[in-house]
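Notes follow the structure.
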Amino acid sequence: MWRSLPSSGLQRRLLLMLLMPLLVLALINTWFDYRFADNAALQQDRQLLGLLPLLADSIVAKGKTERDPPLLLTVPAVQEFLKDRPGVSAFGIVDLDGTLLLGDAWLGGSTPATHEPEFVSEAKRGVTYRIASQRVQTAAGELVVRLADGSDPRQQWVRLVLIKVLAPNLVLMVVALFAVNWAVRLALRPLLDLKEAVERRSPRDLSAIDVQASPEEVRPLVESLNRLFHLVNAQAESQRRFIADAAHQLRTPLAGLQAQVEAWAQVVMAGTPTGASNQAGAAATEAPNAIRVPGAQIYKLRDATRRTSQLANQLLALSRADARNIDAQPLQRVDLKDLCETMLEAHLDAASAKHIDLGLETQPVHVSGHEWLLRELLGNLVDNAIKYTPAHGTVTLRCGVTSADDPAHTARVAFLEVEDDGPGVAPAERERILERFYRASGVVGEGNGLGLAIADEIARVHHASLVATGGAHERGLRMTLRFPQPDSA
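Here's what the structure looks like:
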């Protein structure tokens, strides 16, 4: 029952506002029922008051002796009253001393001090009786006549209030609760659909909500949300353009600077200039008045230019990988096995330079996605693995189909994986290494903390999940990209 009750504040308020009048009406109905019972009780008192003189007139003579009861000849009205209420009606003829002369024994007792009629209520044998008593002059002398009626409407109302009043009202309230709850849910369904649609949205989805599909009452709110989405999207688009433009403009001068520094470093390393191929190196060695730069500083300058150039390339890749820029591009059928083989060839020289065993374990599998983005993702993962794996280590590329992580689902999912046996990352930091510009503690080497962030961005574009875990025997790092499902086409 409670699960069907509304959870939103608006639904609760509507339900309360609709049920409160019903509750008030039920209380008013109860009050009217009681008033009706009270009026019926007054009619009963009048009836008893009218029958008392008739009961007195039914006494036609004294008894033969003082101990004998008076002679009673019941008039039809009194006889009918006693006959119509068997078990709940009684009468009594009492002398002034309270001694019962005729009738039910329990009606004896104290007598009225005046000739005014008296009314009392008394419970007897589980029945509450309304007793009317009056001191009157009869054919047998001055006596007290009494009539008792156990059908008092007020007492019956008290006894049967749960059955005749509260029970129907309670049933009405319960039925009304479900009926009104159903009506409120049905009436608010469009609003709830709008709420669920907004909740299901990705934080990156800033497209406008269909105003015409929204309830008329909330269209101003939807229009305000659309204006907000437009402003936020425009601001984000401006930032993306700035990053892309800045990175693109930096690539050319940085590439030239890096080429010059690389050539200079080669000249210093060789000890002699190489002629016209490096004017800066020749000037440093041939000019008698030239300022000679130590080789260590040249190597530091070379490393700095490499990092700066890599940062510009990664910023450009991050801007291109933004999910909002990719939605309009059509998906392709990507061969993950072929992609792994291509990455193996592209990074084989870098792995060989560090004497790293770059291996491949693949199964034929295809997914729907953007090949150039997946190439960028896998390239970042392999580059990171080679960069942080010590010499004579192992890096393995894998792809294939495996079971889903959730044991409740038996579906198969495609995966792409890069594993190394390097120093790895502490379990507490494995989630944070996907953040932009975050570098794990204790990491030695070049890097800007953007490679894995770009890979995670690309994973989001493909509705896939990129997870960092420990390698075999908890040694090294394993980066696994799991796709929603393989492409069987």
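Per the numbering used here, residue 2 is the first one in the sequence shown, and the count goes up by one each step. We treat Cβ as the ideally placed atom computed from N, Cα and C, and that holds for glycine.
**OP:** Kindly indicate which residue of L23, K196, R136, L398 has the alpha-carbon position closest to the one of L340.
**Re:** Measuring from the Cα of L340, the nearest candidate turns out to be L398.
Original post:
In the structure shown, what three-state DSSP assignment does D339 receive?
Top reply: Residue state, collapsed to three classes: helix.
**OP:** Quickly, what does DSSP pair R228 with across the bridge? List them, please.
**Re:** Bridge partners of R228 according to DSSP: none are assigned.
Subject >> the region 111-122 contacting the region 17-27, beta-carbon criterion three pairs below 8 Å >> reply: No, they do not touch.
**OP:** Indicate whether the contact test is met: 3 or more Cβ pairs, each with one atom in the region 100-115 and one in the region 125-143, closer than 8 Å.
**Re:** In the pairwise beta carbon analysis, the region 100-115 is classified as touching the region 125-143: at least three pairs are separated by under 8 Å.
Original post:
Cα-Cα, which of Q44, R201, F416 is closest to S404?
Top reply: Considering only Q44, R201, F416, the residue with the shortest C-alpha distance to S404 is F416.
**OP:** Answer with buried or exposed for A198, where buried requires no fewer than 16 other C-beta atoms within 10 angstroms of its C-beta.
**Re:** By the 10 Å Cβ count, A198 comes out exposed.
Original post:
Going by Cα to Cα distance, which pick from D358, Q138, L148 is closest to K84?
Top reply: Sorting D358, Q138, L148 by C-alpha distance to the C-alpha of K84 places L148 at the top.
Original post:
Does the count of Cβ pairs from the region 462-478 and the region 370-377 closer than 8 Å reach three?
Top reply: With a cut-off of 8 Å, the region 370-377 and the region 462-478 count as touching, because enough Cβ pairs lie within range.
Subject >> Beta-carbon spacing of A177, I60 below 8 Å >> reply: Contact flag unset, no.
Subject >> 6 Å Cβ shell around E475 - same chain, five flanking residues per side excluded >> reply: Within the same chain, no residue comes within 6 Å of E475 by CB-CB distance, once the 5 residues on both sides are set aside.
Original post:
Given that a residue counts as buried once 16 or more other Cβ atoms are within 10 Å of its Cβ, and exposed if not, what is L171?
Top reply: Here L171 is exposed, its C-beta having fewer than 16 other C-beta atoms within 10 Å.
Original post:
For Q333, which residues does DSSP report across the bridge?
Top reply: Per DSSP, G370.
Subject >> Euclidean distance between Cα positions of V396 and A473 >> reply: Roughly 12 Å separates the two Cα atoms.
Original post:
Residues bridged to L359 by DSSP?
Top reply: Per DSSP, V396.
Original post:
Grouping DSSP H, G and I as helix and E and B as strand, with all else coil, what is G142?
Top reply: DSSP, reduced to helix, strand and coil, places G142 within a strand of the structure shown.
Original post:
Who are the near neighbours of P113 in its chain, counting only those whose CB is closer than 8 Å to its CB and skipping five residues on each side?
Top reply: Exclusion of the five residues before and after P113 leaves E119, S134, Q135, R136, V145 as the residues of its chain whose Cβ lies within less than 8 Å of its Cβ.
Subject >> Below-8 Å beta-carbon distance, R437 vs any chain B residue >> reply: Included in the structure is just one protein chain, with no chain B present.
**OP:** Per DSSP, which residues does K125 bridge with? Please list them.
**Re:** Paired residues: V128.
Original post:
Shortest alpha-carbon distance to A188 belongs to which of V419, S239, P216, Q138?
Top reply: Minimum Cα distance to A188 is reached at P216.
**OP:** Keeping to the same chain, check which residues put their C-beta closer than 7 Å to that of L258; ignore five residues upstream and five downstream.
**Re:** Taken in chain order, the residues that qualify are T306.
Original post:
Starting from G93 and walking both ways along the beta strand (DSSP E), at which residues does that stretch end?
Top reply: Start and end: 90-95.
Original post:
Would you say Q486 and V414 are within 8 Å of each other, going by their C-beta atoms?
Top reply: Yes, Cβ-Cβ distance for Q486 and V414 is below 8 Å.
Subject >> Residue range of the unbroken beta strand (DSSP E) whose run includes V60 >> reply: Correcting the residue type first, residue 60 is Ile in the shown sequence and not Val. Per DSSP, I60 belongs to the beta strand (DSSP E) from 60-62.
**OP:** Below 7 Å CB to CB, which residues in the same chain sit around A352 once its five sequence neighbours on both sides are set aside?
**Re:** Hits under 7 Å: L359, I387, V396.
Subject >> Helix, strand or coil at M18 [DSSP, three-state] >> reply: In this structure, DSSP gives M18 a helical state, which the three-state scheme calls helix.
Original post:
By how many angstroms is the C-alpha of L173 removed from the C-alpha of V25?
Top reply: Whole-angstrom Cα-Cα distance: 13 Å.
**OP:** Measuring alpha carbon to alpha carbon, tell me which of L451, A456, F438, P428 ends up nearest L478.
**Re:** Considering only alpha carbons, the answer is P428.
Subject >> Nearest-angstrom Cα separation, counted from R376 out to F230 >> reply: In a straight line, the C-alpha of F230 is about 32 Å away from that of R376.
Subject >> alpha helix (DSSP H) segment containing E81, residue limits >> reply: Start and end: 77-85.
Original post:
Cβ atoms of V383 and S335: under 8 Å apart, would you say?
Top reply: Reading the sequence as shown, one finds Val at residue 335 and not Ser. With contacts defined by Cβ atoms closer than 8 Å, V335 and V383 do not form a contacting pair.
Subject >> Chain-order list of residues whose beta-carbon lies under 6 Å from that of A288 (same chain, five-residue window excluded) >> reply: Unreliable placement is indicated for A288, whose pLDDT of 42 sits below 50; the coordinate value is still reported in the next sentence. Apart from the 5 residues on each side of it in sequence, A288 has no Cβ closer than 6 Å to any other Cβ in its chain.
Original post:
Do you know offhand how far L192's Cα is from V233's?
Top reply: A direct Cα-Cα distance of roughly 24 Å separates L192 from V233.
Original post:
Would DSSP call P487 helix, strand or coil?
Top reply: Looking at P487 - three-state DSSP - the assignment turns out to be coil, as it is neither helix nor strand.
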